[in-house]
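> Have a look at the structure that comes next, please.
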Ligand code: MRU
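Residue numbers (the numbering used here): 15 to 375.
Have a look at this one:
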């Protein structure tokens, strides 16, 4: 893996001549480092380490990983099978990874160009989905909060770093900002890996949006005090009944939103809905071990040997969710709806062609 420094264009994950390139998100916000990965075990390690993270982004990384595996091992054989299965199981909770590995690996017998084409298509679909979620979500915000300026609380990082551009919940915040509707974004820092503190603030600053960073424990209290009028969260997997797996701490914000009477909205592309999983109870929650809890970026914050629990995600039951915004519909659990009974609508992509396109190499 060869790091490359500042000056490169900002692309979360992309393919270039047999190399998967990605921003190393573990180094942000202090350093913008682009990793260049040319073998599958290194890519799997990068996904596990969260160099690339966020459900749609790891789906795209997995798809390019299958292309890399075909590039290295050919269109069949045990080395290819091993590479594909290690990619598929690199992280268990976000359904996008397994879905996109399955989608691309179904094409390996047709050769590298076909697999790569599908991987690019997956990336382009996520890009379009981000734009569309922003539009649907910002319109819904108008419906939920009326003419009040938006004060949005959010968790983890759901921006372009977690997708390929703009994001999910953060795309809604960006669209509100572009429409002049955003008064304040309130990201919570998101222990243990601080995706909110490190990554969301970095993205909000780049888009010029007004924001204040909160420690995780401040979220529920500030909601109760009326500091936010909308909570927007992403999702790693949405079950058929509408239960949502997302970053640990999401459920606390949903409970606090209910207490405060603030709408709690989940924003995720259709690719994150898993109709094969009946409810949140069947979603595997990644356990990331004690190390991340007892030390923060190499600094001990507990005595060595302290034991810890570290579920990376939680489940928010559908009854705490006001709405689920996707790129093609708005599902309203607060009105008795679930992913099962709301038909798909149209993708909304009002940006002129080319404006958001990521170059293919
Ligand atoms: O562990 P992470 O950083 O991959 O977790 C990411 C999240 O929980 C996001 O909210 C989710 O993937 C949606 S991002 C568009």
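Cβ atoms here follow ideal geometry from the backbone N, Cα and C, with glycine treated the same way.
Given the structure is predicted, the values throughout are model-derived calculations rather than measurements.
Run the Cβ filter for me: residues under 6 Å from any heavy atom of the ligand COA, listed in the order they occur in the chain.
In terms of ligand content, the structure shown lacks the ligand COA and carries the ligand MRU instead.
> Using a Cβ-Cβ cut-off of 7 Å (strictly less than) and excluding sequence neighbours within five positions of residue 64, which residues of its own chain qualify?
Your numbering for residue 64 matches position 50 in the chain shown. Contacts found: 39, 40, 207.
> What number of angstroms, rounded off, separates the C-alpha of residue 353 from the C-alpha of residue 252?
For the purposes of this step, residue 353 is taken as the residue at position 339 of the chain shown. For the purposes of this step, residue 252 is taken as the residue at position 238 of the chain shown. Between residue 353 and residue 252, the C-alpha separation is close to 9 Å.
> For residue 338, which three-state DSSP category applies?
Taking the first residue of the chain shown as position 1, residue 338 is located at position 324. In this structure, residue 338 counts as strand in the three-state DSSP scheme.
> From residue 191 to residue 280, what does the alpha carbon distance come to, in whole angstroms?
Taking the chain shown and counting its residues from 1, the one referred to as residue 191 is at position 177. Taking the chain shown and counting its residues from 1, the one referred to as residue 280 is at position 266. Cα to Cα, residue 191 sits roughly 18 Å from residue 280.
> Given this structure, state the Cα-to-Cα distance separating residue 291 from residue 200, to the nearest angstrom.
Working through the chain shown from its first residue, we reach residue 291 at position 277. Working through the chain shown from its first residue, we reach residue 200 at position 186. Residue 291 and residue 200: Cα-Cα distance of roughly 32 Å.
> With DSSP collapsed to three states, give me the class of residue 67.
Locating residue 67 in the chain shown gives position 53, counting from the first residue. Residue 67 falls in the coil class under three-state DSSP.
> What are the boundary residues of the alpha helix (DSSP H) that includes residue 102?
In the chain shown, the residue the question calls residue 102 occupies position 88. 92–102 is the span of the alpha helix (DSSP H), which, as asked, contains residue 102.
> Can you look up residue 48 in the DSSP assignment and give me helix, strand or coil?
The residue labelled residue 48 in the question sits at position 34 within the chain shown. In the structure shown, residue 48 sits in a strand (DSSP, three-state: E or B).
> When DSSP labels each residue in this structure, what does residue 301 get in the three-state scheme?
The residue labelled residue 301 in the question sits at position 287 within the chain shown. The answer is strand: DSSP assigns residue 301 an E or B state.
> Are the region 309–316 and the region 293–300 touching, with three or more C-beta to C-beta distances below 8 Å?
As far as the Cβ criterion goes, the region 309–316 does not touch the region 293–300, which means the pair count is below three.
> Out of curiosity, what's the CA-to-CA distance linking residue 345 and residue 92?
The sequence position of residue 345 within the chain shown is 331, counting from 1. The sequence position of residue 92 within the chain shown is 78, counting from 1. Roughly 43 Å separates the two Cα atoms.
> What's the gap between the Cα of residue 223 and the Cα of residue 173?
By one-based count along the chain shown, residue 223 stands at place 209. By one-based count along the chain shown, residue 173 stands at place 159. Computed Cα separation, rounded: 13 Å.
> Looking at the unbroken alpha helix (DSSP H) that takes in residue 156, where does it start and where does it end?
Stepping through the chain shown from its first residue, residue 156 is reached at position 142. Where residue 156 is concerned, the enclosing alpha helix (DSSP H) stretches over 126–159.
> Residue 144 and residue 89: beta carbons closer than 9 Å?
For the purposes of this step, residue 144 is taken as residue 130 along the chain shown, with counting starting at 1. For the purposes of this step, residue 89 is taken as residue 75 along the chain shown, with counting starting at 1. No, these two residues do not count as a Cβ contact at 9 Å.
> So the alpha helix (DSSP H) residue 221 belongs to, where does it begin and stop?
As a first step, residue 221 is located in the chain shown; it is residue number 207 there, counting from the start. 215–221 is the span of the alpha helix (DSSP H), which, as asked, contains residue 221.
> Tell me which residues share the same chain as residue 363 and place their Cβ nearer than 7 Å to its Cβ, disregarding the 5 neighbours each side in the sequence.
Taking the first residue of the chain shown as 1, we reach residue 363 at position 349. Cβ within range, chain order: 142, 145, 146.
> Give the DSSP bridge partners of residue 36, in chain order.
Numbered from its first residue, the chain shown carries residue 36 at position 22. In the DSSP output, where bridge partners are listed per residue, residue 36 has 27, 49.
> What is the rounded straight-line gap between the Cα of residue 23 and the Cα of residue 336?
Counted from its first residue, the chain shown places residue 23 at position 9. Counted from its first residue, the chain shown places residue 336 at position 322. Interpretation of residue 23 is limited by its pLDDT of 45, a score under 50 that renders its predicted location unreliable; the figure taken from the coordinates is listed afterwards. Cα-Cα distance, rounded: 37 Å.
> Beta strand (DSSP E) containing residue 259: first to last residue?
As a working note, residue 259 is residue 245 in the chain shown. Run containing residue 259: 258–261, per the beta strand (DSSP E) assignment.
> Throw me the rounded Cβ distance for the residue 259 and residue 329 pair, which I believe falls under 8 Å.
Translated into positions along the chain shown, residue 259 becomes position 245. Translated into positions along the chain shown, residue 329 becomes position 315. About 6 Å; that satisfies the 8 Å criterion.
> Roughly how many whole angstroms lie between the Cα atoms of residue 118 and residue 257?
In the chain shown, the residue the question calls residue 118 occupies position 104. In the chain shown, the residue the question calls residue 257 occupies position 243. In a straight line, the C-alpha of residue 118 is about 27 Å away from that of residue 257.
> Answer with buried or exposed for residue 350, where buried requires no fewer than 16 other C-beta atoms within 10 angstroms of its C-beta.
What you label residue 350 is simply residue 336 of the chain shown in a count that begins at 1. Under this definition residue 350 is an exposed residue.
> With distances taken between CB atoms, is the gap from residue 184 to residue 203 smaller than 9 Å?
Stepping through the chain shown from its first residue, residue 184 is reached at position 170. Stepping through the chain shown from its first residue, residue 203 is reached at position 189. No, Cβ-Cβ distance for residue 184 and residue 203 is not below 9 Å.
> Around the C-beta of residue 271, are 16 or more other C-beta atoms found within 10 angstroms, so that it is buried, or is it exposed?
If you number the chain shown from 1, residue 271 lands on position 257. Buried, by the Cβ-count rule.
> Where are the alpha helix (DSSP H) runs, 4 residues long or more, that stay fully inside the region 186–255, in chain order?
Correct list: 215–221, 232–238.
> Counting only the same chain and skipping the five closest in sequence on each side, list residues whose C-beta sits under 6 Å from that of residue 158.
The sequence position of residue 158 within the chain shown is 144, counting from 1. Correct list, in chain order: 277.
> Terminal residues of the continuous beta strand (DSSP E) containing residue 264?
On the chain shown, residue 264 is found 250 positions in, with the first residue counted as 1. Careful: residue 264 lies outside any beta strand (DSSP E), inside the alpha helix (DSSP H) at 264–274.
> Using DSSP with H/G/I as helix, E/B as strand and the rest coil, what is residue 167?
On the chain shown, position 153 is the one that residue 167 refers to. Here residue 167 sits in strand by DSSP.
> Using beta carbons (cut-off 9 Å, strictly below), is residue 319 in contact with chain D?
No chain D is part of this structure, which consists of one protein chain only.
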